[in-house]
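Student: Would you mind keeping the following structure in view while I ask a few things?
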RNA sequence: CGCGGGGAAGUGUAACGGUUGCACGGGAGGCUCAUAACCUCCAGGUAGGUGGUUCAAUUCCACCCCCCGCAACCA
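Residue numbers (the numbering used here): 1 to 472.
Dropping the structure here:
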């Protein structure tokens with residue numbers, strides 16, 4: 001039994017990981033790809049480590065925003081979400097995301113779950129009159145502070161004071177309990193900054209929140225509140241329950257989410273689960289956002305980075321590479337075409353791609369048989385960071401190993417040695433190949449296709465086609 | 001005075017109470033197995049500002065300046 005094998009056996013058991021489910025009123029952008037890539041690296045890693053992994057992703061379709069977007073586009077809401085959900089799924093597939101299930105919140109199985117949770121939490125739900133400033137243009141409520149000169153910021157019209165009766169959730173009952181849960185890491189929030197953010201928010205005091213809206217406001221779109229056809233569930237209440245759709249794996253080991261939705265996952269979600277008598281997720285991993293030239297990605301700014309375009313021109317693994325290595329897992333990071341290309345050329349073309357070529361060329365020429373790579377030692381400085389969501393560090397370590405091999409080849413000059421002492425040269429090349437295999441194996445969760453190509457080349461003892469051609 | 005995070009070579013970042021390290025980019029040499037790739041060397045930071053603690057501060061403290069998140073309800 002090899003070292004690696006032993007390591008694997010220590011990691012038995014289930015591992016349930018999720019991404020958030022994006023609402024589908026627009027096309028996916030690079031930020032969605034980031035979350036996919038991160039979650040996928042973890043899913044693949046634990047799968048390789050022998051865990052029974054369940055990786056869930058999907059789409060959030062019951063939002064009023066979808067209804068509005070469809071209305072604007074002049075198509076039915078169902079039509080819009082069907083079409084857009086397909087695009088998100090397509091992105092996940094093109095990025096080689098190894099999800100085990102793709103849940104859409106308009107599916108019957110999800111609707112059933114959402115209703116079940118509602119009923120299970122019924123003791124903490126009550127009906128209350130709600131009064132607010134409602135903009136008919138946006139079809140939503142605004143807070144006084146959100147208005148510009150007392151007008152809706154989008155439509156520049158005066159919101160009406162509207163009163164309606166909604167269901168509320170008794171969030172206030174959970175103040176102390178929730179604080180303890182987060183403080184003690186019973187539900188761990190990574191990184192610590194986000195844990196503090198959640199805690200300071202909770203400490204401000206939790207107020208009950210509305211978990212339903214009038215059905216008529218979206219022409220009936222959304223999930224019906226059990227026993228009250230006039231009401232639809234607040235989209236977050238319904239959306240969060242998507243994580244329960246694979247019940248045999250609950251609780252989740254890791255929820256991956258963006259910083260923008262921390263509150264829903266750190267506050268509403270655990271409390272909903274408590275109310276329903278269910279276990280809490282073990283960890284929330286909160287990533288930052290991608291910026292473009294330091295600015296927020298937004299349709300109005302017209303700076304949205306299209307992940308499909310990048311995949312098409314550079315390949316899925318190159319995109320995964322950028323998102324995992326060049327992007328800080330916890331903070332905002334910039335993505336621009338220029339930076340992408342620079343990183344691609346420096347680390348994929350010149351770095352990994354070239355190393356594979358030079359090593360495999362020598363292997364092909366000097367060695368009569370493929371090198372045995374069945375057992376390779378694990379790289380703790382890759383695996384440990386990965387387990388801590390430090391994708392960039394993990395990859396940095398791998399690239400250091402590559403640098404080492406490049407340096408060794410330069411110093412040992414096997415291409416010269418082979419003329420004088422073939423045996424010694426062969427020995428050196430075998431070592432490089434083995435090291436390359438070791439890197440390739442660790443690369444699997446990050447860049448699965450590339451990893452496979454390298455391992456196949458080694459098994460065939462043949463220099464492969466250029467893995468990452470330089471881009472000018 | 002709402003809460004929080006951050007200011008370091010052109011860019012992105014690490015560690016750290018005691019020669020600022022790394023990567024990319026730039027420059028010079030070397031090598032030829034390799035994708036003009038690779039290796040070596042060089043340039044470039046008064047570490048946002050001011051003051052304090054200390055034998056010693058980029059690192060600790062205070063204040064100021066500047067950026068950026070979040071500020072609860074229909075993603």
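All C-beta atoms in this analysis are idealised placements derived from N, C-alpha and C, irrespective of residue type, glycine included.
1) Relative to the alpha-carbon of residue 382, which residue among 365, 401, 364, 375 has its alpha-carbon at the smallest distance?
2) Pick out whichever of 430, 307, 429 has its Cα sitting closest to the Cα of residue 320.
3) When the Cα of residue 45 is compared with those of 374, 97, 169, 311, which residue comes out closest?
4) Which of the three DSSP states is assigned to residue 20 in this structure?
5) Alpha carbon to alpha carbon, how far is residue 244 from residue 462?
6) Relative to the alpha-carbon of residue 50, which residue among 203, 13, 454, 120 has its alpha-carbon at the smallest distance?
7) Can you check which of these residues, 106, 258, 168, 315, is closest to residue 63 by C-alpha distance?
8) Please classify residue 190: does DSSP put it in a helix, a strand, or coil?
9) On the CB-based measure, 16 or more other CB atoms within 10 Å of its CB, does residue 84 come out buried or exposed?
10) Rounding to the nearest angstrom, what Cα-Cα distance links residue 414 and residue 196 in this structure?
11) To which residues does DSSP link residue 166 through a beta bridge?
12) Go through its chain and collect everything with a Cβ distance to residue 269's Cβ below 7 Å, but skip five positions before and after it.
13) For a test of the three-state rule: what should DSSP assign to residue 237, helix, strand or coil?
14) Mapping DSSP to helix, strand and coil, what is residue 317?
15) Taking only the alpha-carbon atoms, compute the straight-line gap between residue 384 and residue 226 and give it to the nearest angstrom.
16) Apart from the five residues on each side of it in sequence, which residues of its chain come closer than 6 Å, Cβ to Cβ, to residue 4?
17) Three or more C-beta pairs closer than 8 Å, one from the segment 16-24 and one from the segment 52-70: is that the case here?
18) Are the beta-carbon atoms belonging to residue 163 and residue 131 less than 7 Å from one another?
19) Can you give me the Cβ contacts of residue 437 inside the same chain, cut-off strictly under 8 Å, excluding the 5 residues immediately before and after it?
20) Do you know whose CA, among 111, 37, 30, lies nearest residue 242's CA?
21) Is the beta carbon of residue 276 less than 7 Å from the beta carbon of residue 121?
22) Assuming residue 407 is part of the alpha helix (DSSP H), what are its boundary residues?
23) Considering only DSSP beta bridges, list what residue 291 is partnered with.
24) Consult DSSP for residue 258 and reduce its assignment to one of helix, strand or coil.
25) Are residue 353 and residue 468 touching if we call contact CB-CB under 7 Å?
26) Please return the same chain residues whose Cβ sits closer than 6 Å to the Cβ of residue 166, not counting the five positions on each side in sequence.
27) Here's the rule I'm using: 16 or more other beta-carbon atoms within 10 Å means buried, otherwise exposed. How should residue 124 be labelled?
28) Given that a residue counts as buried once 16 or more other Cβ atoms are within 10 Å of its Cβ, and exposed if not, what is residue 216?
29) Would you be able to state if there are at least three C-beta pairs under 8 Å between the segment 219-237 and the segment 245-258?
30) Which same chain residues, not among the five before or five after residue 33, have their C-beta less than 7 Å away from its C-beta?
31) Could you pull out every residue in the same chain whose Cβ sits closer than 7 Å to the Cβ of residue 418, ignoring the five residues on either side in sequence?
32) Helix, strand or coil for residue 373 per DSSP?
33) Nearest by alpha-carbon distance to residue 238: which of 405, 79, 118, 27 is it?
34) Start and end of the beta strand (DSSP E) containing residue 99?
35) Does the separation of the CB atoms of residue 471 and residue 341 fall below 7 Å?
36) Who are residue 209's beta bridge partners in DSSP?
Tutor: Let me spell this out:
1) Walking along the first chain from the start, residue 382 turns up at place 382. Comparing Cα positions, the closest option is 401.
2) In the first chain, counting from the first residue as 1, residue 320 sits at position 320. The candidate whose alpha carbon is nearest that of residue 320 is 307.
3) Numbered from its first residue, the first chain carries residue 45 at position 45. Out of 374, 97, 169, 311, 97 has the C-alpha closest to the C-alpha of residue 45.
4) Taking the first chain and counting its residues from 1, one reaches residue 20 at position 20. The three-state reading of DSSP puts residue 20 in coil, since its state is none of H, G, I, E or B.
5) Here residue 244 refers to the residue found at position 244 when the first chain is read from its first residue. Here residue 462 refers to the residue found at position 462 when the first chain is read from its first residue. Taking the straight line from one Cα to the other gives about 47 Å.
6) Looking up residue 50 in the first chain gives position 50. Looking at the Cα atoms, 13 is the closest of the given residues.
7) Here residue 63 corresponds to residue number 63 of the first chain, with the count starting at 1. Of all alpha-carbon atoms in 106, 258, 168, 315, the one lying nearest the alpha-carbon of residue 63 is that of 106.
8) One-based indexing of the first chain puts residue 190 at position 190. Note: residue 190 maps to strand in three-state DSSP.
9) By 1-based counting over the first chain, the position of residue 84 is 84. Taking every protein chain shown into account, the CB of residue 84 has 16 or more other CB atoms within 10 angstroms, so this residue is buried.
10) Residue 414 sits at position 414 when you count from the first residue of the first chain. Residue 196 sits at position 196 when you count from the first residue of the first chain. Taking the straight line from one Cα to the other gives about 54 Å.
11) For the purposes of this step, residue 166 is taken as the residue at position 166 of the first chain. Answer by DSSP bridge pairing, in chain order: 128.
12) Translated into positions along the first chain, residue 269 becomes position 269. So the list reads 240, once near-sequence residues are dropped.
13) Numbered from its first residue, the first chain carries residue 237 at position 237. Three-state DSSP puts residue 237 in a helix.
14) Taking the first chain and counting its residues from 1, the one referred to as residue 317 is at position 317. It is helical.
15) For this step, residue 384 is matched to residue 384 along the first chain. For this step, residue 226 is matched to residue 226 along the first chain. Distance between the alpha carbons of residue 384 and residue 226: 46 Å.
16) Mapped onto the first chain, residue 4 falls at position 4. Its pLDDT being 45, under 50, residue 4 is placed unreliably in this model, and the value from its coordinates should be taken loosely. Contacts found: 378.
17) A contact exists between the segment 16-24 and the segment 52-70.
18) One-based indexing of the first chain puts residue 163 at position 163. One-based indexing of the first chain puts residue 131 at position 131. Between residue 163 and residue 131, the C-beta spacing is below 7 Å.
19) Along the first chain, read from residue 1 onward, the residue named residue 437 stands at position 437. Around residue 437: 371, 373, 376, 454, 455, 458.
20) Mapped onto the first chain, residue 242 falls at position 242. Relative to the Cα of residue 242, the nearest Cα in the group 111, 37, 30 belongs to 111.
21) Looking up residue 276 in the first chain gives position 276. Looking up residue 121 in the first chain gives position 121. In this structure, residue 276 lies near residue 121, with their beta-carbon atoms less than 7 Å apart.
22) As a first step, residue 407 must be located in the first chain, where it is residue number 407. DSSP places residue 407 in the uninterrupted alpha helix (DSSP H) bounded by 391-412.
23) As a working note, residue 291 is residue 291 in the first chain. According to DSSP, residue 291 bridges with 296, 334.
24) To locate residue 258, count along the first chain from 1; it is residue 258. Correct three-state label for residue 258: strand.
25) Numbered from its first residue, the first chain carries residue 353 at position 353. Numbered from its first residue, the first chain carries residue 468 at position 468. Against a cut-off of 7 Å, the Cβ pair of residue 468 and residue 353 comes out as a contact.
26) Sequence index remark: in the first chain, residue 166 carries index 166 (1-based). Result list for residue 166: 130, 210, 212, in chain order.
27) As a position in the first chain, residue 124 is number 124, starting the count at 1. By the neighbour-count rule (16 or more Cβ atoms within 10 Å), residue 124 is buried.
28) Taking the first chain and counting its residues from 1, the one referred to as residue 216 is at position 216. Classification for residue 216: exposed.
29) Under the three-pair Cβ rule at 8 Å, the segment 245-258 does not count as touching the segment 219-237.
30) Residue 33 sits at position 33 when you count from the first residue of the first chain. 91, 95, 307, 319, 323.
31) Here the question's residue 418 lines up with position 418 in the first chain. Answer for residue 418: 366, 425, listed in chain order.
32) For the purposes of this step, residue 373 is taken as residue 373 along the first chain, with counting starting at 1. In this structure, residue 373 counts as coil in the three-state DSSP scheme.
33) Position 238 of the first chain, counted from the first residue, corresponds to residue 238. Nearest to residue 238 by alpha-carbon distance, out of 405, 79, 118, 27, is 118.
34) Here residue 99 refers to the residue found at position 99 of the first chain. Secondary structure note for residue 99: it is in no beta strand (DSSP E), with a DSSP letter that is neither H nor E.
35) Sequence index remark: in the first chain, residue 471 carries index 471 (1-based). Sequence index remark: in the first chain, residue 341 carries index 341 (1-based). Cβ atoms of residue 471 and residue 341: closer than 7 Å.
36) Within the first chain, residue 209 is the residue found at index 209, counting from 1. 169.
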